[in-house]
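K.L.:
Chains as they are written, first to last, in our numbering: chain G, 1 to 886; chain Y, 1001 to 1156.
#1: Would you give the residue range spanned by the beta strand (DSSP E) that residue 821 of chain G belongs to?
#2: Please list, in chain order, all residues of the same chain as residue 533 of chain G whose beta carbon is under 7 Å from its beta carbon, the five residues on each side excluded.
#3: Since residue 598 of chain G and residue 626 of chain G should fall inside the 8 Å C-beta cutoff, what is the C-beta to C-beta distance between them, to a whole number of angstroms?
#4: Based on the DSSP secondary-structure assignment, which residues constitute the bridge partners of residue 86 of chain G?
#5: Would you call the CB atoms of residue 881 of chain G and residue 831 of chain G closer than 8 Å?
#6: In chain order, which continuous runs of the beta strand (DSSP E) of length 3 or greater are located wholly inside the region 457-510 of chain G?
#7: Below 8 Å on the Cβ atoms is my contact criterion, and I expect residue 712 of chain G with residue 690 of chain G to pass it. Report the Cβ-Cβ distance as a whole number of Å.
#8: What is the DSSP secondary structure of residue 92 of chain G, counted as helix, strand or coil?
#9: For the 8 Å Cβ check, are there 3 or more pairs between the region 387-403 of chain G and the region 356-368 of chain G?
#10: If we count the other Cβ atoms within 10 Å of its Cβ and call it buried at 16 or more, is residue 886 of chain G buried or exposed?
#11: Closer than 8 Å by beta-carbon distance: list the chain Y residues that pair up with residue 167 of chain G, in chain order.
#12: State the beta-bridge partners of residue 880 of chain G as determined by DSSP.
#13: What number of angstroms, rounded off, separates the C-alpha of residue 608 of chain G from the C-alpha of residue 306 of chain G?
#14: Please classify residue 323 of chain G as buried or exposed, where buried requires at least 16 neighbouring CB atoms within 10 angstroms.
#15: Would DSSP call residue 1 of chain G helix, strand or coil?
#16: Spatial neighbours of residue 381 of chain G within its chain, please: CB distance less than 8 Å, with the 5 preceding and 5 following residues excluded, ordered by chain position.
#17: Within 8 Å (strictly less), CB to CB, does residue 548 of chain G reach chain Y?
#18: Name, going along the chain, the residues of the region 1058-1072 of chain Y whose beta-carbon falls closer than 8 Å to a beta-carbon of chain G.
#19: Kindly list, in the order they appear in chain Y, the residues whose Cβ is closer than 7 Å to that of residue 170 of chain G.
#20: Along the chain, which unbroken stretches of the alpha helix (DSSP H) at least 4 residues long are found entirely within the region 670-705 of chain G?
#21: Using the Cα positions of residue 975 of chain G and residue 52 of chain G, report the straight-line distance between them to the nearest angstrom.
#22: So, for residue 151 of chain G: in the same chain, excluding its five sequence neighbours on each side, which residues have a beta-carbon less than 7 Å away from its beta-carbon?
#23: Residue 1085 of chain Y: buried (16+ other C-beta within 10 angstroms of its C-beta) or exposed?
#24: Going by DSSP, what residues sit across from residue 871 of chain G in a beta bridge?
#25: Which runs of the beta strand (DSSP E) at least 3 residues long sit entirely within the region 190-222 of chain G? Give them in chain order.
#26: Residue 1042 of chain Y CB to nearest chain G CB: under 8 Å?
#27: Taking 8 Å as the threshold, find out whether the region 654-667 of chain G comes into contact with the region 220-237 of chain G through three or more Cβ pairs.
#28: For residue 439 of chain G, list the residues DSSP reports as bridge partners.
#29: Helix, strand or coil for residue 1006 of chain Y? Go by DSSP, reduced to three states.
#30: Within the continuous alpha helix (DSSP H) that includes residue 113 of chain G, where are the two ends?
#31: Flag this pair as yes or no: are the beta carbons of residue 1078 of chain Y and residue 1119 of chain Y separated by less than 8 Å?
#32: Got a sec? Which residues, its chain only, sit under 6 Å from residue 678 of chain G by beta carbon, not counting five neighbours each side?
#33: Any Cβ of chain Y within less than 8 Å of the Cβ of residue 404 of chain G?
#34: Going along chain Y, which residues have a C-beta under 9 Å from residue 179 of chain G?
#35: Indicate whether residue 772 of chain G and residue 844 of chain G have their beta-carbon atoms separated by less than 8 Å.
#36: Anything in the region 125-159 of chain G with a Cβ closer than 9 Å to a Cβ of chain Y? List those residues in chain order, please.
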C-alpha cells in the first residue's frame, strides 16, 4: 500500500496508512505528552493530552486515535495546543488529592511529570478531589482510586493483555472508577494479582504493597525473571543493594509484553531474607561453621579427589540446576566430564519430562525448537494437552487467551480437570488421567477415516505412514471411548476442529510427568506428522518449561546422556569430537540420572554428591528415602543461595548468587537466549556460581581459568553450534537449530521422520484400597517445590493453604463440608489438607496443589524413573481419603 | 428482595441463548432480562456473564452506567415528585417528605411490599401545575398533603 506523506512540526514524514498521528510522531523522534497511551494497548483517546492541531483546517484532535491522512500539516506544540493541555492537567489536578508528599509513586508519577513539564504549579481552580476509601486488604496491590485519572490503562491491560476481566469502568461522570464486579475487594474478584495494572498506572492510584520497604527505588535495572520457563523481562528496583520492587519491562519485543504474573511481581522476597547463605560453611564436629572460600574449596577438592582415587569416578555425582545460568551449567558438566571423568551429572529438570524430551530429541534431532509465543496468536488452531498454563506459566496462558478471545483461533483443551482455560476454549475433552495417548490416536484414526491428512508433507518428510495407517484402521473407537471416558461424538467434534488445519500443540507437565508421557508424545508426534504441523510458525510443539533455564541446562549437557548441544553421549563420533574439543578422554559409560544417583547412594555405591542450586529433599518424591540416601554419602557439597532442608545435611555449603546478583544467560521455552547483567551484588561473601565453579576448576588442578562470563560464552559459542551467537553484541539471540532431519533441511538426502506404532489402551490395575486418583499440579502462587516462593511474605499472607479439591459427589459421599480436614494417603506417605469442593471436578479425582505445606504432597508419590514402561509417573497417584475430626 | 423464580431463570436463559452468537448483545440482553425480573440483581448479571462470556466487571459497568438499568427491584408504581424551582417553592419538598413518612421509603428506594418506588425529579416542564407529581404515566397538579394520599390510594 502506498505510504502517506504529511508534515509534523515542519518535518516531512511518510508512514503506512492507518498509522496514528501519535505513532508517526513518536517514530520520528517527536515527543507528544500522553497519559493513557501505551504501545501494547489499544489507544482510546481518554486523557486528551496528545491533542495536536492541523494547521490547514484548524482542527484539534487526539493524535493517539486519529490516523494520518495525506498532506496533513500537524503542529504538536502550538500555543493553542499548549493552552488546552495545561487546562486538561489543571482539571485533572483539581480532581486529584494533594497527597504527593506521601504518595509512593513519588517522582515517578506521570501526572506530576507532565504538570512540571508544562509549568503547571498552582492550578487556580477550586479543588474537588473525589475521595474513595483506600483498599489494601489484599497483600499485593493497594488501590487508592481517589488518585485515578481514568486513563483506563489498568482496564485495558486486564482485558487486552492478561484477559482476565476483573475490572472495568463503573458508574459515570465524576463517580466513574475502575471497579470489580459489584465493587467487591480484589481478592474476591477474578483478579490473579499479576500486577500488570500496577506497573502501567501513571499515578499512585495503584501501587505495589511492599512489606519490606516504603519509598521508591534508588536504582532500576533490567534482568530476566528467574522463576518459570517463560523468561520475562524484568525491571528490578533496588535500595542499598536490596531488591525492593519488581516490574515488567516495557521494552518492545519481549516475551511478556508489559505483563508479569503474581510470582514474578511479588515473590522475590527470598532475595533479601535472613536465610540467605552469606559465607562458606564446613561441618566441624557435626556443626556447620563459617570458613573461608579457600578452606571450603580445599575440603571439596581434596574430598572429591580422594574418593575418586579410592572408589573410582563412578562414585562421584553432580546434581545441577535448571535455575542456574547457561554458562554455569556448561562449566558444571565440564567439571564432571573433564576433571572427574564420569557422566554422573544431571539437573533437577529430570522430573519435568526428560524422558519426553529425549523422545522428541530422537525424532526431530533438535528441529522445530524455536517457538515464539507470538506464533500462538497467529496459529490456525491450538491444542492444549496436559497443561494448565494460566496457573503454571501464566504468560503463556495470556497468549492462549488472547488467541482464543481476540483472534478467534479454535482452541481445544484436553485435561481431566476444568482448568481456567476451558472457559476460553472451543472444546474441552475431559479425559481420564493418563489416557491422552489413546485420545490422540483416536483423533488420528478419525482423521484417517475421513482421509484428512497432509499427504504432501507425509510423502516429503516422513517414513512409515503405511504401517501407521494400518495401526489407525484398527483403532476401536468404542474401546478408546471406554478407556478415556470421552464420548465418541466429542472426539469427532475435536476432529472437526482439527481437520484441514495446522496444529499448535501446547504440552505441559500433564504429559511430561505422567505415567504414559512418552506414549502420549509418540501419539502427538504422529498426529503432528500426519497433519503436517511441525514446520512453520504457529504450529508444532510448544513445551511448557517449568523452570527458567530448563532448556538451557539440557542444551549445555547438564544431563547424563547429553553432551553440550543435546548431542548424544553414546554416539562415538560426537564423543570423539568433544574429546578433541576438551583435549581429554571422555568416559563412554552412561552416567547416573538424579533417580539413579539416589538409588546408588542408598546402596552405598555413590560416595560423594555435589548439588548446585537444588533442594532435592523438598522437590523429589519420598523425602525420607532422599534424606537416608544423602546421609549415606561420605561427602555432600551443597552450593545454594538459601539455607534449605538439603544444606542442613551438607558437609560443605557454598553460598551462591541469585540471578539478580550475577550476570548470565537463560534460554526460555521459546528458544530465546537472554543474557543479563547483575542488578545488585551478592550478599556477604556469596559469589556468582560460575565464579565458584571456576575456583573449583583451579583447586582440582585444571589449567584453564575463566576470568569472566565472556570467556565462558566464547567457549560455548565456539563449541556448541546451537549457541553460536551467544556472547554477540545483543543481549538477546535465538538458538540455532541444527537438526539433521529433512523437514528442517530442504536437502532431500537428509533423514525422514518416522511414525511410531499406534497404541490405544493399557490395562489399568484397579486399586481397591486407594480408590481416588490424586492429580498433583501447580497454582500460580508458587513455583516448583516452592523453596523460593515460600519466602514471599505476600504470597504467605494471601492465605492459601494448598487446599485439596474434591468433587461435590465425593465430598458428599465422605460427608465433607468446605474447609473440613482430611488425611490423604498413598502407599508411600500421607498428608493432611483442608478440602475445597469443586462442582466441575469429576468424581474419583482429587486435585492437590504442589509446593504448599513444605511441598509435602511429594510424600504421596513413588520415586521412580520417568518414562519407563512400568513407571507410575509423578503426576498422579492413587490415594485414599479419610475425614479428620477436629 | 424480589426472588428470581424458576420461570424467570428459564426466560433469562432463553434470552441469552437467542443473543449468544451476536455481537453487541449485552445491552439488549440486559434490557430484556430487566423486563423479565424487574431489576438486574447480582446473580442475574453473573448468569449473563457466564452465558455471553463477557467479564462480570464489564456487565456491572454497563448496568451502573445507564440509569435505565437498576439493581434494586422497582415497585409496581413509580412516583416522581418534582423539585424544580416552581414546585419547590410551592411545597414540593413537603409533599416528598409526607410520602417518605407515610410509606417509610427513601428517595430512590422502594417500599417493602414493592408497591411504590419513589424518586425526585428536577422540573418536569409543568410549572403551571406546581407542585406537580407524576405517578407511572399520570401527572397530577397542585398536589398537597391533603390530596396526596387519596391520589396514591388509587394505585394498588
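Beta carbons: idealized from backbone N, C-alpha and C, even for Gly.
P.N.:
Well, looking at it:
#1: Here the question's residue 821 of chain G lines up with position 821 in the first chain. Counting along the chain, the beta strand (DSSP E) containing residue 821 of chain G begins and ends at 821-826.
#2: Residue mapping note: residue 533 of chain G aligns to position 533 of the first chain, counting from 1. Only 502, 503, 539, 540 meet the Cβ criterion.
#3: Translated into the one-based positions of the first chain, residue 598 of chain G becomes position 598. Translated into the one-based positions of the first chain, residue 626 of chain G becomes position 626. Residue 598 of chain G to residue 626 of chain G, Cβ: 6 Å. Contact.
#4: On the first chain, residue 86 of chain G is found 86 positions in, with the first residue counted as 1. DSSP lists no partner for residue 86 of chain G.
#5: By one-based count along the first chain, residue 881 of chain G stands at place 881. By one-based count along the first chain, residue 831 of chain G stands at place 831. Not in contact: residue 881 of chain G and residue 831 of chain G (Cβ atoms no closer than 8 Å).
#6: 503-507
#7: If you number the first chain from 1, residue 712 of chain G lands on position 712. If you number the first chain from 1, residue 690 of chain G lands on position 690. Yes, residue 712 of chain G and residue 690 of chain G are in contact; Cβ-Cβ is about 6 Å, under 8 Å.
#8: For this step, residue 92 of chain G is matched to residue 92 along the first chain. Three-state result, residue 92 of chain G: helix.
#9: no
#10: Within the first chain, residue 886 of chain G is the residue found at index 886, counting from 1. Answer is exposed; the Cβ neighbour count stays below 16.
#11: In the first chain, the residue the question calls residue 167 of chain G occupies position 167. Chain Y residues near residue 167 of chain G: 1057.
#12: Numbered from 1 along the first chain, position 880 holds the residue referred to as residue 880 of chain G. Paired residues: G/825.
#13: Here residue 608 of chain G is taken as the residue at index 608 of the first chain, counted from 1. Here residue 306 of chain G is taken as the residue at index 306 of the first chain, counted from 1. One C-alpha to the other measures close to 10 Å.
#14: Translated into positions along the first chain, residue 323 of chain G becomes position 323. It counts as buried.
#15: Counting from 1 along the first chain, the entry for residue 1 of chain G is found at position 1. The answer is coil: DSSP assigns residue 1 of chain G none of H, G, I, E or B.
#16: Working through the first chain from its first residue, we reach residue 381 of chain G at position 381. Around residue 381 of chain G: 409, 410, 411, 412, 497, 498, 501, 502, 503, 504.
#17: Translated into the one-based positions of the first chain, residue 548 of chain G becomes position 548. By this cut-off, residue 548 of chain G is not an interface position.
#18: 1058, 1059, 1060, 1061, 1064, 1065
#19: The sequence position of residue 170 of chain G within the first chain is 170, counting from 1. Per Cβ cutoff of 7 Å: 1060, 1061, 1064.
#20: 689-699
#21: With chain G covering only 1 through 886, there is no way to say anything about residue 975 of chain G.
#22: Indexing the first chain from 1 puts residue 151 of chain G at position 151. Only 35, 36, 46, 47, 202 meet the Cβ criterion.
#23: Looking up residue 1085 of chain Y in the second chain gives position 85. So residue 1085 of chain Y ends up on the exposed side.
#24: To locate residue 871 of chain G, count along the first chain from 1; it is residue 871. Answer is none; residue 871 of chain G lacks a bridge partner.
#25: 206-208
#26: Taking the second chain and counting its residues from 1, one reaches residue 1042 of chain Y at position 42. Yes, because at least one Cβ of chain G sits closer than 8 Å to the Cβ of residue 1042 of chain Y.
#27: yes
#28: Translated into the one-based positions of the first chain, residue 439 of chain G becomes position 439. The partner list for residue 439 of chain G (beta bridge, DSSP) is empty, contrary to what the question assumes.
#29: Counting from 1 along the second chain, the entry for residue 1006 of chain Y is found at position 6. Looking at residue 1006 of chain Y - three-state DSSP - the assignment turns out to be helix.
#30: Position 113 of the first chain, counting from 1, holds the residue named residue 113 of chain G. Run containing residue 113 of chain G: 110-117, per the alpha helix (DSSP H) assignment.
#31: Here residue 1078 of chain Y refers to the residue found at position 78 when the second chain is read from its first residue. Here residue 1119 of chain Y refers to the residue found at position 119 when the second chain is read from its first residue. Yes; because the gap between Cβ atoms is below 8 Å, this pair is in contact.
#32: Residue 678 of chain G sits at position 678 when you count from the first residue of the first chain. Closer than 6 Å at Cβ, skipping near neighbours: 661, 662, 663.
#33: Locating residue 404 of chain G in the first chain gives position 404, counting from the first residue. Taking Cβ atoms only, chain Y never reaches closer than 8 Å to residue 404 of chain G, which makes this a no.
#34: For the purposes of this step, residue 179 of chain G is taken as the residue at position 179 of the first chain. Those within 9 Å of residue 179 of chain G in chain Y are 1057, 1060, 1061, 1064.
#35: Position 772 of the first chain holds residue 772 of chain G. Position 844 of the first chain holds residue 844 of chain G. Yes; because the gap between Cβ atoms is below 8 Å, this pair is in contact.
#36: 155, 158, 159
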